[in-house]
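Novice:
Chains as they are written, first to last, in this note's numbering: chain A, 35 to 263; chain B, 35 to 263; chain C, 35 to 263; chain D, 35 to 263; chain E, 35 to 263; chain F, 35 to 263.
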């Protein structure tokens with residue numbers, strides 16, 4: 035093995051279990067992040083390009099060079115039904131790496147969406163297609179095809195490590211990555227957490243205070259909280 | 035009194051006059067800010083989490099610690115019908131301090147919305163509830179309950195000083211704070227300003243120039259403006 | 035001529051050919067930017083104030099001073115049907131230079147919209163009017179009328195040089211400027227490009243890979259790309 | 035009283051006790067901030083314009099308008115020996131409000147330095163003069179004298195509330211504000227804290243672990259910390 | 035002429051008059067900016083890579099592509115004694131386009147320094163060489179040589195238009211561009227301004243107030259300034 | 035294994051070979067980054083707290099919670115001679131996690147410095163100690179000791195993945211991470227690269243153009259570069 039992973043396309047990757055992915059698709063990003071013990075989130079600057087965009091699938095990872103989208107074309111061939119493309123860049127770059135042509139190609143190959151630490155364009159078309167994209171920026175600026183990156187190597191995308199085959203879930207609250215090996219475990223924990231929240235919601239709606247429901251009064255007093263008039 | 039206000043909950047606060055608050059609810063943030071003489075705005079990075087969100091109410095203030103939402107639970111108990119929670123933080127922090135459970139609790143206690151110099155989550159649920167929130171960020175990241183802040187002390191939220199009981203108004207243009215003592219006066223000034231604008235709007239729509247309507251030609255010439263062909 | 039262009043209003047400007055402007059209105063910003071050879075874009079922080087806003091017209095340029103919107107009133111008089119106001123500022127400033135009264139005036143004079151490297155307010159009214167605005171910020175903060183800038187001089191707006199009479203096109207993907215002298219040439223190139231894309235889109239939708247359609251396999255191999263299992 | 039404090043100069047302000055100010059001058063910003071219970075800091079974007087700059091004095095506050103330094107000239111007259119000018123702005127603005135001429139004037143009137151939530155220029159001259167300045171930006175851009183702000187009203191500077199007469203201390207670590215009423219109390223607490231640190235420093239230098247010195251092992255274990263090999 | 039200037043190197047440019055350039059070298063950036071009527075500044079994020087760096091020379095302009103420094107090598111051949119390289123980029127990019135090898139080459143060709151709206155590296159070596167650089171960032175990240183930009187075309191660098199042959203002056207306060215055609219005029223105005231400031235500095239040092247020296251009391255009163263006790 | 039690595043301290047880590055680390059210490063960050071094939075850099079916002087700071091050592095990694103430096107105390111016990119502490123945070127946070135007391139402790143345990151994606155304080159003392167720190171921010175704000183993170187787990191620090199035992203090198207150009215397994219290989223490649231650069235530097239200093247030395251004229255012509263007069 036060399037000193038770096040540049041110029042490589044890995045064809046065979048181990049995708050998370052399909053049933054676990056489908057179960058995870060039923061939960062929100064906040065719930066999954068909590069169910070994992072508060073890890074796995076991408077930085078909050080990653081935003082949906084249209085209101086209501088959401089996705090869940092297995093990661094095909096891409097490492098891009100600035101102003102260069104060559105590797106997205108390479109990635110298209112590696113897609114299978116149910117995948118999500120997760121694109122990182124070797125440096126900060128907001129150019130428009132992706133638009134409606136690539137979205138058409140990705141969708142034809144089975145992709146469920148794109149998560150990209152960079153810019154995208156053709157937002158109106160992507161919205162009309164309802165092709166979900168979570169990105170750092172929107173920019174009409176075009177890119178070249180000149181320098182190699184990689185496909186299906188481990189990447190860091192918006193601060194989070196992502197391995198090929200991991201589950202990626204994104205909604206209005208952000209983007210979370212679940213390692214393939216714990217997908218089922220996290221899905222189960224998310225289910226338990228959500229069940230637990232339903233009861234709490236009812237109590238709170240009825241006017242019960244979190245102070246009482248979570249039994250916070252004693253620890254608050256111990257911490258020294260003072261009530262004054 | 036000590037050197038700081040940390041670890042304190044003030045129970046009795048003087049809220050702005052109800053009638054003044056209701057009158058202020060009828061005006062936009064830009065109008066109120068102008069009516070006050072161009073003061074009272076929070077920094078423009080405070081944005082609604084859904085299009086069309088707006089609120090008006092009396093401030094219950096909260097000082098949070100980074101990554102810690104304990105004080106929001108404490109604040110819930112202090113809420114009365116017509117209040118808005120205004121949450122500042124001791125440092126810059128974008129974590130998701132607030133979500134749909136707390137919104138359910140706040141609403142059950144009478145709150146009209148939240149203004150928070152930090153992050154929130156469960157945006158889809160909050161939108162479905164039509165619970166208006168103005169925040170610095172959206173983030174799924176959870177918070178702990180470990181360190182004391184305060185409730186109902188004077189705070190600085192997004193650059194603006196806010197005292198408990200002040201009127202807070204927020205809409206698509208941002209967030210403005212009206213000190214309780216001048217709420218009626220500001221509401222009256224806003225009314226006068228708006229009446230004045232209606233006439234101007236008609237003239238401008240008819241093609242009259244602001245240059246003439248505001249009598250700007252002479253001061254522009256005095257300032258040295260030159261027209262060339 | 036003096037050392038600078040401050041305090042000047044140029045009345046006679048050469049606007050781009052009307053037919054070319056109308057043709058350009060039929061294409062998106064990304065297409066036009068590509069058709070020009072990837073130049074002419076404003077920085078991507080320029081965003082529409084409402085979803086779906088778009089505009090195309092000839093530039094009436096304005097140079098503003100921070101916190102001062104005097105020159106926008108001066109610009110209103112220079113507008114003709116089909117113009118777009120392009121406002122730069124002598125420094126970074128997010129104040130609300132523009133609102134519904136000025137929009138009413140601009141529209142009455144024939145303006146098709148506003149591009150401003152600064153803030154605007156009255157977003158709800160502007161949306162109701164469907165008056166398209168692309169700005170750096172939204173802010174309720176009011177401005178004064180005290181210091182001269184200029185109208186219809188060459189400006190740099192959000193990083194792009196703009197001359198009076200240039201064509202300005204803006205949509206969800208951003209804002210692009212087409213020099214008046216090449217407007218027809220760019221419109222023709224955009225048309226050719228779009229025709230070309232239709233065929234590509236069909237192929238990609240049918241599952242053809244960009245790798246094959248664009249004949250990338252050989253240059254990728256030459257660049258050293260390695261496939262591993 | 036009106037709705038706002040614009041256009042006002044307060045001549046008589048109550049400055050913090052001179053002896054307390056002098057004692058505070060002997061401590062660093064981090065120590066004083068801790069001694070106050072972790073409050074009073076300005077946002078960390080406030081930086082010294084030259085390495086080693088530091089200051090301590092009583093605040094003469096200024097509220098500036100964007101791109102306008104008129105009020106700094108007004109403030110000069112209100113200065114007494116031992117004062118520090120603390121300048122806030124009604125909006126975000128990085129222009130060069132202050133340079134060597136104003137520094138010469140301020141020094142002649144007894145000022146010990148400047149804290150400004152904006153830009154300054156003539157950095158080389160200010161460094162040669164050893165006139166300490168803590169600012170948000172350095173910018174050569176000049177300002178006008180056209181719009182009123184205020185002098186010696188309560189302001190929010192870089193996120194912190196500052197009242198005229200408060201003690202302001204700044205060094206390489208940032209800027210802290212001590213309310214005049216608690217200046218002596220804070221100075222005493224800072225002294226106690228510093229004495230306490232000396233002993234700790236010796237132990238740590240000798241290789242004693244903070245884990246033992248602060249008795250953290252038990253609470254860490256209770257919190258669930260696990261050691262693995 | 036085509037629609038854009040990409041892929042072009044202009045060999046013959048008209049440089050500003052040598053005597054005017056030498057005279058401008060004697061003044062600071064703030065003085066020159068004021069002498070021009072407050073125009074010509076680059077955005078204040080452009081900073082020297084070492085304390086005390088300063089430069090003055092005639093611009094050889096470069097338009098770079100993101101992550102690509104090919105055009106800097108092309109520019110080296112166009113340098114003459116007394117030139118300064120002014121490098122813009124087609125998009126925001128902080129990569130390390132420039133280091134000590136290029137500095138060695140530029141200096142051997144007569145360059146007086148570099149102004150670059152991007153990143154540089156080898157800061158220690160550049161400091162040891164006392165090769166002045168003003169940049170947006172410092173970054174060790176290397177760049178490729180794959181995509182054409184241009185040399186000696188008009189560019190927008192950090193918000194300011196720069197033409198080949200213009201005079202560029204940079205110091206601790208920032209970077210200013212003087213069009214070649216007005217170089218002598220600006221140099222003379224700077225001289226007059228500086229002479230004027232010497233007298234003012236003496237008065238201010240003697241305790242005279244700017245309020246009196248600039249006769250501000252009357253306009254302040256007219257504007258409505260109120261003194262209270 | 036659980037779903038996450040929170041609340042864990044790994045005691046036995048495999049550090050990079052000592053000889054390789056010492057060899058790497060002889061090269062700059064830019065050289066090492068190039069020798070690795072342009073990977074391994076932390077984002078360029080990581081800056082030295084004093085001019086000339088540099089470090090090289092084996093990573094003891096820390097994952098911090100926002101506003102909480104408990105884990106730095108835990109990390110101290112895991113340090114060996116030649117280590118560098120590399121601290122990531124679960125979210126963006128600029129608080130002052132580290133100061134002169136912890137530096138005293140770290141140095142007593144053999145640490146060569148700190149790389150932290152957060153804030154530090156006591157900058158003057160750290161400079162006097164010549165304890166090298168590379169951080170995102172400087173802030174006097176204190177932190178609590180309440181919530182668990184981890185020590186010696188894989189982390190992402192300022193965008194780069196770091197494993198315990200990796201080599202970390204930092205200087206004026208930034209921070210680079212070399213995986214322990216390739217430390218010797220990278221050191222050798224850096225040596226070769228530096229030898230190669232010496233010859234180039236001489237040629238460039240003699241006025242040879244990079245265009246000729248790197249044989250760029252033909253590829254530039256092929257890419258379509260045009261020289262005009």
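Virtual Cβ for every residue (Gly too), placed ideally from N, Cα, C.
Is there a C-beta anywhere in chain A that falls below 8 Å from the one on residue 154/E?
Specialist: One-based indexing of the fifth chain puts residue 154/E at position 120. So no, residue 154/E is outside the interface.
Novice: On the CB-based measure, 16 or more other CB atoms within 10 Å of its CB, does residue 138/F come out buried or exposed?
Specialist: Within the sixth chain, residue 138/F is the residue found at index 104, counting from 1. The residue is buried, with at least 16 neighbouring Cβ atoms inside 10 Å.
Novice: What does a CB cutoff of less than 7 Å around residue 208/B pick up in its chain, not counting 5 residues either side in sequence?
Specialist: In the second chain, the residue the question calls residue 208/B occupies position 174. 63, 75, 76, 78 and 80.
Novice: Short of 8 Å Cβ to Cβ, which residues in the region 125-145 of chain C face chain D?
Specialist: Those would be 125, 126, 127, 128 and 129, in chain order.
Novice: Give me the chain F residues within the contact set of residue 72/D, using Cβ-Cβ distance strictly less than 8 Å, ordered along the chain.
Specialist: The sequence position of residue 72/D within the fourth chain is 38, counting from 1. Residues of chain F passing the Cβ test: 175 and 176.
Novice: Would you say residue 232/F reaches chain B, if we count a Cβ-Cβ gap shorter than 8 Å as a contact?
Specialist: One-based indexing of the sixth chain puts residue 232/F at position 198. With 8 Å as the cut-off, residue 232/F does not count as an interface residue toward chain B.
Novice: Since residue 55/A and residue 201/A are thought to touch, with beta carbons under 8 Å apart, how far apart are those beta carbons, to the nearest angstrom?
Specialist: Residue mapping note: residue 55/A aligns to position 21 of the first chain, counting from 1. Residue mapping note: residue 201/A aligns to position 167 of the first chain, counting from 1. Sure, about 5 Å apart at Cβ, within 8 Å.
Novice: For residue 167/F and residue 82/F, what's the separation of their Cα atoms in angstroms?
Specialist: In the sixth chain, the residue the question calls residue 167/F occupies position 133. In the sixth chain, the residue the question calls residue 82/F occupies position 48. Cα-Cα distance, rounded: 6 Å.
Novice: Count the CB pairs spanning the region 96-115 of chain B and the region 182-199 of chain B that are closer than 8 Å, and state whether there are at least three.
Specialist: At 8 Å Cβ cutoff, the stretches touch.
Novice: Counting only C-beta atoms, is residue 147/C closer than 8 Å to chain D at any point?
Specialist: Indexing the third chain from 1 puts residue 147/C at position 113. By this cut-off, residue 147/C is not an interface position.
Novice: For residue 116/B, tell me which candidate among 132/B, 71/B, 49/B and 149/B has the shortest Cα-Cα distance.
Specialist: Translated into positions along the second chain, residue 116/B becomes position 82. Among 132/B, 71/B, 49/B and 149/B, the Cα nearest to that of residue 116/B belongs to 49/B.
Novice: Rounded to whole angstroms, how far is the Cβ of residue 199/E from the Cβ of residue 214/E, which I believe are closer than 8 Å?
Specialist: Here residue 199/E refers to the residue found at position 165 of the fifth chain. Here residue 214/E refers to the residue found at position 180 of the fifth chain. Their Cβ separation, rounded to whole angstroms, is 5 Å, which keeps residue 199/E and residue 214/E in contact under 8 Å.
Novice: Pairing CB atoms from the region 108-126 of chain C with CB atoms from the region 138-151 of chain C, are three or more of them under 8 Å?
Specialist: Yes: the two stretches touch, three or more of their Cβ pairs being nearer than 8 Å.
Novice: What residues of chain D sit near residue 180/C, judged by a beta carbon separation below 8 Å?
Specialist: Stepping through the third chain from its first residue, residue 180/C is reached at position 146. Under the 8 Å cutoff, chain D gives 178, 180 and 181.
Novice: Whose Cβ in chain B lies nearer than 8 Å to the Cβ of residue 41/F?
Specialist: If you number the sixth chain from 1, residue 41/F lands on position 7. Going along chain B, no residue has its Cβ under 8 Å from residue 41/F, so there is no contact; the nearest lies around 13 Å.
Novice: In angstroms, rounded to a whole number, what distance separates the CA positions of residue 39/D and residue 174/C?
Specialist: If you number the fourth chain from 1, residue 39/D lands on position 5. If you number the third chain from 1, residue 174/C lands on position 140. Roughly 19 Å between the two C-alpha positions.
Novice: To which residues of the same chain is residue 210/F closer than 7 Å at the C-beta, ignoring the five residues directly before and after it?
Specialist: The residue labelled residue 210/F in the question sits at position 176 within the sixth chain. Same-chain partners within the cutoff: 63, 66, 67, 74, 75 and 203.
Novice: Using 8 Å as the limit for Cβ to Cβ distance, is residue 204/D near chain B?
Specialist: Position 170 of the fourth chain, counting from 1, holds the residue named residue 204/D. Closer than 8 Å: no.
Novice: Given a threshold of 16 other Cβ atoms within 10 Å of its Cβ, counted over all protein chains shown, does residue 254/A qualify as buried or as exposed?
Specialist: Reading the first chain from its first residue, position 220 is the one you call residue 254/A. Result: buried.
Novice: Can you name the start and end residues of the beta strand (DSSP E) that residue 44/D belongs to?
Specialist: By one-based count along the fourth chain, residue 44/D stands at place 10. 42-44 is the extent of the beta strand (DSSP E) around residue 44/D.
Novice: When DSSP builds the beta bridges, which residues end up paired with residue 238/F?
Specialist: Taking the sixth chain and counting its residues from 1, the one referred to as residue 238/F is at position 204. Answer is none; residue 238/F lacks a bridge partner.
Novice: Do residue 134/C and residue 152/C have their C-beta atoms closer together than 8 Å?
Specialist: Stepping through the third chain from its first residue, residue 134/C is reached at position 100. Stepping through the third chain from its first residue, residue 152/C is reached at position 118. Going by C-beta atoms, residue 134/C is not nearer than 8 Å to residue 152/C.
Novice: Looking only at its own chain, which residues have a Cβ that is under 6 Å from the Cβ of residue 223/C, when we skip the five neighbours before and after it?
Specialist: What you label residue 223/C is simply residue 189 of the third chain in a count that begins at 1. For residue 223/C, where only same-chain residues beyond five positions count, the Cβ hits under 6 Å are 69.
Novice: Can you list, in chain order, the residues of its chain whose CB lies under 8 Å from that of residue 249/F, leaving out five sequence neighbours each side?
Specialist: Within the sixth chain, numbered from 1, the residue matching residue 249/F stands at position 215. The answer is none, since no qualifying residue turns up.
Novice: For my contact list, residue 106/C and residue 132/C are in at a C-beta cut-off of 8 Å; report their separation, rounded to the angstrom.
Specialist: Along the third chain, one-based indexing puts residue 106/C at 72. Along the third chain, one-based indexing puts residue 132/C at 98. 6 Å between Cβ atoms; contact.
Novice: Using three-state DSSP, classify residue 119/D as helix, strand or coil.
Specialist: Here the question's residue 119/D lines up with position 85 in the fourth chain. Residue 119/D: strand per DSSP, three-state reduction.
Novice: Mind listing which residues of the region 96-107 of chain A have their C-beta closer than 8 Å to chain H's C-betas, in chain order?
Specialist: In summary, chain H is missing from the structure at hand, where the protein chains are A, B, C, D, E and F.
Novice: For residue 172/A, tell me which candidate among 258/A, 104/A and 158/A has the shortest Cα-Cα distance.
Specialist: Here residue 172/A refers to the residue found at position 138 when the first chain is read from its first residue. For the residues 258/A, 104/A and 158/A, the minimum Cα distance to residue 172/A belongs to 158/A.
Novice: Drop a sphere of 10 angstroms on the beta-carbon of residue 177/A, count the other beta-carbons inside from all chains shown, and report buried for 16 or more, exposed for fewer.
Specialist: Along the first chain, read from residue 1 onward, the residue named residue 177/A stands at position 143. Buried, because 16 or more other Cβ atoms sit within 10 Å of the Cβ of residue 177/A.
Novice: Is residue 208/A close to chain F? Criterion is C-beta to C-beta, closer than 8 Å.
Specialist: Here residue 208/A refers to the residue found at position 174 of the first chain. So no, residue 208/A is outside the interface.
Novice: Does DSSP put residue 77/C in a helix, in a strand, or in coil?
Specialist: Sequence index remark: in the third chain, residue 77/C carries index 43 (1-based). Three-state DSSP puts residue 77/C in coil, outside helix and strand.
Novice: Name the one or two DSSP bridge partners that residue 260/B has.
Specialist: Here residue 260/B is taken as the residue at index 226 of the second chain, counted from 1. Residue 260/B is bridged to 42/C.
Novice: Between the beta-carbon of residue 228/D and the beta-carbon of residue 61/D, is there less than 8 Å?
Specialist: Indexing the fourth chain from 1 puts residue 228/D at position 194. Indexing the fourth chain from 1 puts residue 61/D at position 27. Taking 8 Å as the Cβ cut-off, residue 228/D and residue 61/D qualify as a contacting pair.
Novice: Output the boundary residues of the alpha helix (DSSP H) element that contains residue 187/D.
Specialist: Counted from its first residue, the fourth chain places residue 187/D at position 153. Element bounds for residue 187/D: n/a, residue is neither H nor E.
Novice: According to DSSP, is residue 173/D part of a helix, a strand, or is it coil?
Specialist: Within the fourth chain, the letter at position 139 stands for residue 173/D. DSSP places residue 173/D in coil when its eight states are reduced to three.
Novice: Which value, in whole angstroms, describes the spacing of the CA atoms of residue 219/D and residue 226/A?
Specialist: Taking the fourth chain and counting its residues from 1, the one referred to as residue 219/D is at position 185. Taking the first chain and counting its residues from 1, the one referred to as residue 226/A is at position 192. One C-alpha to the other measures close to 52 Å.
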